[in-house]
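Q: Chains E and R supply the protein sequences, listed in that same order. Residue numbering for the first sequence follows the working numbering, beginning at 1 and increasing consecutively. Residue numbering for the second sequence follows the working numbering, beginning at 1001 and increasing consecutively.
There are 2 protein chains.
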Amino acid sequence: MLQFAVTMPDWAETELAKLPAYLPTLPERMTAVIRFSQLNVVHNTGGPFAAGVFELHTGKVVVLGVNRVVPQHCSAAHAEVVTLSLAQQKLATFDLGGPEMPAYQLVVNWRPCAMCYGAVVWSGVRSLAIAGSGPELEQITGFDEGPIHPHWQAELGARGIEVIDNVLKEEAVTVFHTYRERGGLVYNGRLGDAAT
Amino acid sequence: MLQFAVTMPDWAETELAKLPAYLPTLPERMTAVIRFSQLNVVHNTGGPFAAGVFELHTGKVVVLGVNRVVPQHCSAAHAEVVTLSLAQQKLATFDLGGPEMPAYQLVVNWRPCAMCYGAVVWSGVRSLAIAGSGPELEQITGFDEGPIHPHWQAELGARGIEVIDNVLKEEAVTVFHTYRERGGLVYNGRLGDAAT
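1) I need the boundaries of the alpha helix (DSSP H) containing tyrosine 187 (chain E), first residue and last residue.
2) Should glycine 1065 (chain R) be labelled buried (16 or more other beta-carbon atoms within 10 Å of its own) or exposed?
3) With 8 Å as the threshold, decide whether the Cβ of alanine 1076 (chain R) is near any Cβ in chain E.
4) Who are the neighbours of valine 1108 (chain R) on chain E, taking C-beta pairs under 7 Å?
5) Which chain R residues sit within Cβ distance under 7 Å of histidine 73 (chain E)?
6) Should valine 81 (chain E) be flagged as near chain R, meaning a C-beta pair shorter than 8 Å?
7) DSSP has alanine 1005 (chain R) in a bridge; who is on the other side?
8) Relative to chain R, which residues along the segment 98–124 of chain E have a C-beta separation below 8 Å, given in chain order?
9) Quick one: what does DSSP say serine 1037 (chain R) is sitting in, helix, strand or coil?
10) Bridge partners for tyrosine 1104 (chain R) per DSSP, in chain order?
11) If you drop the 5 nearest sequence neighbours on each side, which residues of the same chain put their C-beta closer than 6 Å to that of valine 173 (chain E)?
12) From the beta carbon of glycine 157 (chain E), is the nearest beta carbon of chain R less than 8 Å away?
13) Closest to proline 1147 (chain R) by CA distance: which of E:Ile140, E:Glu171, E:Ile161 is it?
14) Using 8 Å as the limit for Cβ to Cβ distance, is valine 1006 (chain R) near chain E?
15) Which residues of chain E have a Cβ atom closer than 7 Å to the Cβ of serine 1085 (chain R), listed in chain order?
16) Could you tell me whether any Cβ in chain R is nearer than 8 Å to the Cβ of alanine 50 (chain E)?
17) When you compare the CB of alanine 21 (chain E) with every CB in chain R, is at least one pair closer than 8 Å?
18) With which residues is isoleucine 140 (chain E) paired in a DSSP beta bridge?
19) Against chain E, does glutamate 1171 (chain R) count as a neighbour if the rule is that its beta carbon must be under 8 Å from one of theirs?
20) Using a Cβ cut-off of 7 Å, pull out every chain E residue sitting near glutamate 1015 (chain R), in sequence order please.
21) Counting only Cβ pairs nearer than 9 Å, list the residues of chain R close to glycine 142 (chain E).
22) Under the assumption that alanine 76 (chain E) contacts valine 1081 (chain R) (Cβ atoms under 8 Å), give the Cβ distance between them as a whole number of angstroms.
23) Could you tell me which of R:Asn1188, R:Val1186, R:Arg1111 sits nearest to lysine 1169 (chain R), measuring between CA atoms?
24) Any idea which residues DSSP pairs alanine 114 (chain E) with across the strands?
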């Protein structure tokens, strides 16, 4: 069978099972996401990024996921793409904004990169909550966010996707420091060039 | 096991096995990609999009893939993301531009959308060859390319990814007409809104 697959680390399944069924407030949701980003660093199972999909109004937890680029050999396996895909396959739909469905929110521990910005558009979520959008991530870790649309927040807004910024920013940034201190791999594209 | 997976249709595996090991010229590569896009329409196994990853200089075929958004419940399963991910997992690396590797080319039957533009950046390919980049796709099929970076070709170029446009454009457009004539689903995000 010709396919690609992206698997979560074992710890993520265990942690997911421990979460309550509902995380009613946004700080609760972001706290869970930041915790997953930290665990991904501590367990050395991917980059310092995590995301969660929740029912927007009730906080019902659909799924949380983490960055799996390096261990799963997949440059698209950013936390957002992974988590949106896990949520869609769990709910058996490609469209989280489909008819007769509740509104969904994606919660992420930093702003989207050039790719994930587009992935958010196609996902059907109605809300994107992020811990921050400033230069801190790139400055601390060396990760490259890529050439994102210069007016990405406005473009998401124009498509009916609210963007909520600066949710527990300091807590998110702490994990980036941890990643750097541990010497985590910065897997920007084209390592071949960097090596020449 | 918590994972998401995107599987190719059975016909794609069969067709892939029939291809020669090398497709030396770009028109040969694009012909194979357009044929896959057409077969995806005829078999009703996804949107009218296909892509291929090839060794740039020799034309060695790594893999071809097709759009699987609707059947696989995955809004990120555009032809580009699918095919790059298949190639990376086959070659056991997240970086097709890694050290000691040959240069790779992604061949697609139309320009990238807002998401796939970013996916190309992260993939490590050195070359993107497309059948066209004009309004024909959106006009014929109703598919939405999304709010892509206004200078996406220049941004790719700035990152060392050449963009070759207008390769067998008429042949590619023919498949879009076929898709419309067969009443293919246009799975833009947020069908929930369209339905209200």
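The beta carbon of each residue, even a glycine, is placed where N, CA and C say it ideally should be.
A: Judging by the given coordinates:
1) Tyrosine 187 (chain E): not part of any alpha helix (DSSP H); DSSP gives it neither H nor E.
2) Answer is buried; the Cβ neighbour count reaches 16.
3) Closer than 8 Å to some Cβ of chain E, the Cβ of alanine 1076 (chain R) qualifies, so yes.
4) Valine 1108 (chain R) does not reach chain E, its nearest Cβ partner there being about 15 Å away, counting only Cβ pairs nearer than 7 Å.
5) In chain order: Gln1088, Gln1089, Ala1092, Thr1093, Phe1094.
6) For valine 81 (chain E), a Cβ of chain R is located within less than 8 Å of the residue's own Cβ.
7) Under DSSP, the beta-bridge partners assigned to alanine 1005 (chain R) are E:Ala5.
8) Along the segment 98–124 of chain E, the positions whose C-beta sits under 8 Å from a C-beta of chain R are Gly98, Pro99, Glu100, Met101, Cys113, Ala114, Met115, Cys116, Tyr117, Gly118, Ala119, Val121, Trp122, Ser123, Gly124, read in chain order.
9) If DSSP states are grouped into helix, strand and coil, serine 1037 (chain R) belongs with the helices.
10) According to DSSP, which records beta bridges pairwise, tyrosine 1104 (chain R) is partnered with R:Glu1055.
11) Hits under 6 Å: Glu136.
12) For glycine 157 (chain E), not one C-beta of chain R is nearer than 8 Å to its own C-beta.
13) Distance from the Cα of proline 1147 (chain R) is smallest, within the candidate group E:Ile140, E:Glu171, E:Ile161, for E:Ile161.
14) For valine 1006 (chain R), the answer is yes, since a Cβ of chain E falls inside 8 Å of its Cβ.
15) Neighbourhood of serine 1085 (chain R) in chain E, by CB distance below 7 Å: Phe4, Cys74, Ala76, in chain order.
16) Chain R contact via Cβ: absent.
17) Chain R contact via Cβ: absent.
18) Bridge pairing for isoleucine 140 (chain E): absent [DSSP].
19) By the rule that beta-carbons nearer than 8 Å mark a contact, glutamate 1171 (chain R) does not touch chain E.
20) Within 7 Å of the CB of glutamate 1015 (chain R), no CB atom of chain E is found; the nearest one sits about 11 Å away.
21) The CB of glycine 142 (chain E) never comes closer than 9 Å to any CB in chain R; the least such distance is about 15 Å.
22) Indeed they touch by this definition, with Cβ atoms about 5 Å apart.
23) When each option's Cα is compared against that of lysine 1169 (chain R), the closest is R:Arg1111.
24) Bridge partners of alanine 114 (chain E): none, in fact.
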